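Q: Using the numbering used here, read the sequence shown as starting at 6 and increasing by one per residue.
Glycine included, every Cβ here is placed at the ideal spot set by N, Cα and C.
Since the model is a prediction, treat every value here as computed from it, not as a measurement.
Shown below is the structure under consideration.
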Amino acid sequence: MRTPRYQQDRSYEWNYTHSPPWNEQQRQSLHNLSAELAKHPAAATYAGLKVRRPVAVAAGPLLNGHWCLAYAAMGFEVVTYKTVRTCEKPCFPYPNLVPVSNRPIACLGKPVSTDTVMRQSWAVSFGMPSRSPRDWQADIAWTREELPSNFRLAVSVVGTTEENAPLSKLANDYARAAAWAASAGADIIEINLSCPNVCSADGQLFQSATQSRQVAEKVAERLDRERFRGPKLAKIGYLPDDEPLHNLADGLREVLTGCVMNNSIPAQIQDPNGNQRFQGQQRGVCGEATRVLSMSQTRRFAANEANRTDGLITIGVGGIQSTADIDGYRQAGAESVQVATAAMVDDRISESLGLIRS
Ligand SMILES: Cc1cc2nc3c(=O)[nH]c(=O)nc-3n(C[C@H](O)[C@H](O)[C@H](O)COP(=O)(O)O)c2cc1C
Numbered sequence: 006m007r008t009p010r011y012q013q014d015r016s017y018e019w020n021y022t023h024s025p026p027w028n029e030q031q032r033q034s035l036h037n038l039s040a041e042l043a044k045h046p047a048a049a050t051y052a053g054l055k056v057r058r059p060v061a062v063a064a065g066p067l068l069n070g071h072w073c074l075a076y077a078a079m080g081f082e083v084v085t086y087k088t089v090r091t092c093e094k095p096c097f098p099y100p101n102l103v104p105v106s107n108r109p110i111a112c113l114g115k116p117v118s119t120d121t122v123m124r125q126s127w128a129v130s131f132g133m134p135s136r137s138p139r140d141w142q143a144d145i146a147w148t149r150e151e152l153p154s155n156f157r158l159a160v161s162v163v164g165t166t167e168e169n170a171p172l173s174k175l176a177n178d179y180a181r182a183a184a185w186a187a188s189a190g191a192d193i194i195e196i197n198l199s200c201p202n203v204c205s206a207d208g209q210l211f212q213s214a215t216q217s218r219q220v221a222e223k224v225a226e227r228l229d230r231e232r233f234r235g236p237k238l239a240k241i242g243y244l245p246d247d248e249p250l251h252n253l254a255d256g257l258r259e260v261l262t263g264c265v266m267n268n269s270i271p272a273q274i275q276d277p278n279g280n281q282r283f284q285g286q287q288r289g290v291c292g293e294a295t296r297v298l299s300m301s302q303t304r305r306f307a308a309n310e311a312n313r314t315d316g317l318i319t320i321g322v323g324g325i326q327s328t329a330d331i332d333g334y335r336q337a338g339a340e341s342v343q344v345a346t347a348a349m350v351d352d353r354i355s356e357s358l359g360l361i362r363s
């Protein structure tokens, strides 16, 4: 099946409203796939849940339930609903996806150059938009009903800050978003502690182990109260040094199931003449250019968790395009992986990742 394409030359709003169709024929084909999957042993895990292939669609490509269902029908047993908030928020202005050089990013702090065509890397500029909670809750509930039971719906949530508000307020807002997603039917909750597009505290939380712990604790408490029994994940960003990475894990270990890394690599984006894009603000680079750094963080994180009985599950993401890349991340210690960019640009992504199809 061909990948339903996010149209990079159109706005987020356009792509939201022009989501892949869902009709009786598609419903039937997803049910056929579900029956086919049931014939295969679930030999792997994703966040501790049994799956056939340990690969999910990351938060981002799937703007709503129609997008989630279309990717489930392509063989992704776990689909992540793009990050939602407790309040409506518009998307950053177009362009939201700017192709950049595929050259591996070696470290933080160096500008990344734009490219004239999309190869496998781009700078992402969405700013974590969200529909109103009433809209996304109804959409998640509908999506969960349409998804066969051997598919999992993960929902990514983020808190929204007010200027000068105490962290406790942000933590409560994360907890509210998580509880609303859980009550709508999410099987997995992923709290987004990092987003390099956003120059506010909610974009940088992972850089503080104490603040991340405070937020995660609130979320876990609230989800316990809601009797949510599924995996609770944190999405984090890139930390070049071991000490802050391990401190972050120390804070999250008791309260969450696992950590997903990385939410892109932040960089200033400039054209080949050196002119800055996005008014000189950093944007998150995603895709192939980030694989080396993301895999190295996955390795460092997983090694630290490996010998603990209470170790966090490690989920790798960044530049994955093939079964070899999945194997690479798993050899680096990841239990499972997520894919965003390649899932949006590879017309034959199911085959590239060895997904089971009906
Ligand atoms: C179009 C797009 C939108 C994204 N939106 C989100 C988001 O809403 N929340 C989030 O946690 N990560 C978001 N991400 C980051 C991805 O989940 C992922 O961490 C990153 O793209 C690295 O994976 P990749 O190299 O396979 O693209 C987005 C990525 C892309 C490409």
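What would DSSP say about residue 162, mapped onto helix, strand or coil?
A: Along the sequence shown, one-based indexing puts residue 162 at 157. Residue state, collapsed to three classes: strand.
Q: Counting Cβ pairs, one atom from each stretch, are 3 or more of them under 8 Å apart for the stretch 277-291 and the stretch 229-237?
A: These segments do not touch.
Q: Is the Cβ-Cβ distance between residue 63 and residue 290 less than 9 Å?
A: Within the sequence shown, numbered from 1, the residue matching residue 63 stands at position 58. Within the sequence shown, numbered from 1, the residue matching residue 290 stands at position 285. Taking 9 Å as the Cβ cut-off, residue 63 and residue 290 do not qualify as a contacting pair.
Q: Please classify residue 268 as buried or exposed, where buried requires at least 16 other C-beta atoms within 10 Å of its C-beta.
A: Numbered from its first residue, the sequence shown carries residue 268 at position 263. When all chains shown are included, residue 268 counts as buried.
Q: Return the residue from the list 288, 21, 348 that minimises the CA-CA distance to residue 113.
A: Looking up residue 113 in the sequence shown gives position 108. Closest by alpha carbon: 288.
Q: Nearest-angstrom Cα distance between residue 215 and residue 30?
A: On the sequence shown, residue 215 is found 210 positions in, with the first residue counted as 1. On the sequence shown, residue 30 is found 25 positions in, with the first residue counted as 1. Cα to Cα, the separation comes out at about 49 Å.
Q: Given a cut-off of 9 Å, decide if residue 225 and residue 86 are closer than it, judged by their beta-carbon atoms.
A: Sequence index remark: in the sequence shown, residue 86 carries index 81 (1-based). Sequence index remark: in the sequence shown, residue 225 carries index 220 (1-based). Result no, Cβ atoms of residue 86 and residue 225 do not sit closer than 9 Å.
Q: What does the Cβ neighbour count give for residue 178, buried or exposed, with the cut at 16 atoms within 10 Å?
A: The residue given as residue 178 occupies position 173 in the sequence shown. With 16 or more other Cβ atoms within 10 Å, it is buried.
Q: Should the stretch 94-111 be called in touch with the stretch 39-50, which here means at least 3 C-beta pairs below 8 Å?
A: The stretch 94-111 vs the stretch 39-50: no contact.
Q: When you compare only the Cα positions, how much space is there between residue 91 and residue 356?
A: Taking the sequence shown and counting its residues from 1, the one referred to as residue 91 is at position 86. Taking the sequence shown and counting its residues from 1, the one referred to as residue 356 is at position 351. Straight-line Cα distance between these residues: approximately 37 Å.
Q: Count the other CB atoms within 10 Å of the CB of residue 284; is the residue buried (16 or more) or exposed (fewer)?
A: As a working mapping, residue 284 is identified with position 279 in the sequence shown. With fewer than 16 other Cβ atoms within 10 Å, it is exposed.
Q: Rounded to a whole number of angstroms, what is the C-alpha to C-alpha distance between residue 361 and residue 56?
A: Here the question's residue 361 lines up with position 356 in the sequence shown. Here the question's residue 56 lines up with position 51 in the sequence shown. The straight-line gap from Cα to Cα measures roughly 11 Å.
Q: Check each candidate in 252, 307, 259 and name the one with the smallest Cα separation from residue 266.
A: Position 261 of the sequence shown, counted from the start, is the residue given in the question as residue 266. Ranking the options by Cα distance to residue 266, first place goes to 307.
Q: Just to check my reading of the structure: residue 93 and residue 137 have Cβ atoms closer than 8 Å, yes? What is that Cβ distance to the nearest angstrom?
A: For the purposes of this step, residue 93 is identified with residue 88 of the sequence shown, where counting begins at 1. For the purposes of this step, residue 137 is identified with residue 132 of the sequence shown, where counting begins at 1. Right, their Cβ atoms sit about 4 Å apart.
Q: Using a Cβ-Cβ cut-off of 7 Å (strictly less than) and excluding sequence neighbours within five positions of residue 339, which residues of its own chain qualify?
A: Numbered from its first residue, the sequence shown carries residue 339 at position 334. Cβ within range, chain order: 303, 307, 319, 320, 321.
Q: Taking buried to mean at least 16 other C-beta atoms within 10 Å of its own C-beta, is residue 26 buried or exposed?
A: For this step, residue 26 is matched to residue 21 along the sequence shown. Looking at its Cβ environment, which holds fewer than 16 other Cβ atoms inside 10 Å, residue 26 is exposed.
Q: What three-state label does DSSP hand residue 243 in the structure shown?
A: By one-based count along the sequence shown, residue 243 stands at place 238. The answer is coil: DSSP assigns residue 243 none of H, G, I, E or B.
Q: Determine whether the beta carbon atoms of residue 65 and residue 156 lie at a separation below 9 Å.
A: By 1-based counting over the sequence shown, the position of residue 65 is 60. By 1-based counting over the sequence shown, the position of residue 156 is 151. Contact: no.
Q: Sort out for me which residues DSSP pairs residue 235 with in a bridge.
A: In the sequence shown, the residue the question calls residue 235 occupies position 230. Its beta-bridge partners do not exist; DSSP assigns none.
Q: I'd like to know whether the C-beta atoms of residue 260 and residue 221 end up nearer to each other than 9 Å.
A: In the sequence shown, the residue the question calls residue 260 occupies position 255. In the sequence shown, the residue the question calls residue 221 occupies position 216. Contact flag set, yes.
Q: Taking 8 Å as the line, does the beta carbon of residue 269 fall inside it for any heavy atom of ligand 1?
A: Translated into positions along the sequence shown, residue 269 becomes position 264. Flag set: Cβ of residue 269 near ligand 1.
Q: If we count the other Cβ atoms within 10 Å of its Cβ and call it buried at 16 or more, is residue 341 buried or exposed?
A: Numbered from 1 along the sequence shown, position 336 holds the residue referred to as residue 341. So residue 341 ends up on the buried side.
Q: Within 10 angstroms of its Cβ, does residue 296 collect 16 or more other Cβ (buried), or is it exposed?
A: As a first step, residue 296 must be located in the sequence shown, where it is residue number 291. The residue is buried, with at least 16 neighbouring Cβ atoms inside 10 Å.
Q: To which residues of the same chain is residue 54 closer than 7 Å at the C-beta, ignoring the five residues directly before and after it?
A: Translated into the one-based positions of the sequence shown, residue 54 becomes position 49. Closer than 7 Å at the Cβ level, and outside the excluded window around residue 54, lie 157, 236.
Q: Does the structure place the stretch 63-82 close enough to the stretch 8-20 that three or more beta carbon pairs sit under 8 Å?
A: With a cut-off of 8 Å, the stretch 63-82 and the stretch 8-20 count as touching, because enough Cβ pairs lie within range.
Q: Would you say the beta carbon of residue 127 comes nearer than 8 Å to a heavy atom of ligand 1?
A: Against the sequence shown, residue 127 aligns to sequence position 122. Result yes, Cβ under 8 Å from ligand 1.
Q: Judging by CA-CA distance, which residue of 124, 242, 298, 76 is the nearest neighbour of residue 24?
A: As a first step, residue 24 must be located in the sequence shown, where it is residue number 19. That would be 76, whose Cα lies nearest to the Cα of residue 24.
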